[in-house]
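Residue numbers (this note's numbering): 145 to 246.
One structure below.
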């Protein structure tokens, strides 16, 4: 995928996986165990609740326009900056993100 950031540069991401993350919390009673947070929710749900997450790797450098980012993918002219990053799928909007199949 390529995504335009706030600095107007396009960055390349590799989508590793699509996840639905559940948070585990320790029980307050005996026996000690981990319980899915959703089973304990009261009226206040976390902001990330039931949100789809992308597990991604991100590559440098940023590119001035979309076509240069696509060309970098074809030419394998990228350097991995980070891998194993968890990002909310909503961060990859249709207006600022493109899927590039290789």
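All residues carry an ideal CB built from backbone N, CA and C; glycine is no exception.
Between the beta-carbon of residue 197 and the beta-carbon of residue 165, is there less than 8 Å? Stepping through the chain shown from its first residue, residue 197 is reached at position 53. Stepping through the chain shown from its first residue, residue 165 is reached at position 21. Yes, the pair counts as a contact, with Cβ atoms nearer than the cut-off.
DSSP state of residue 171, grouped into three classes? Within the chain shown, the letter at position 27 stands for residue 171. Note: residue 171 maps to coil in three-state DSSP.
What span of residues does the alpha helix (DSSP H) with residue 210 cover, start to end? Along the chain shown, one-based indexing puts residue 210 at 66. Start and end: 210 to 219.
Where residue 232 falls: helix, strand or coil (DSSP): Here the question's residue 232 lines up with position 88 in the chain shown. Looking at residue 232 - three-state DSSP - the assignment turns out to be strand.
By Cβ distance, which residues of its chain are closer than 6 Å to residue 181, with the 5 residues on each side in sequence left out? As a first step, residue 181 is located in the chain shown; it is residue number 37 there, counting from the start. For residue 181, where only same-chain residues beyond five positions count, the Cβ hits under 6 Å are 167 and 169.
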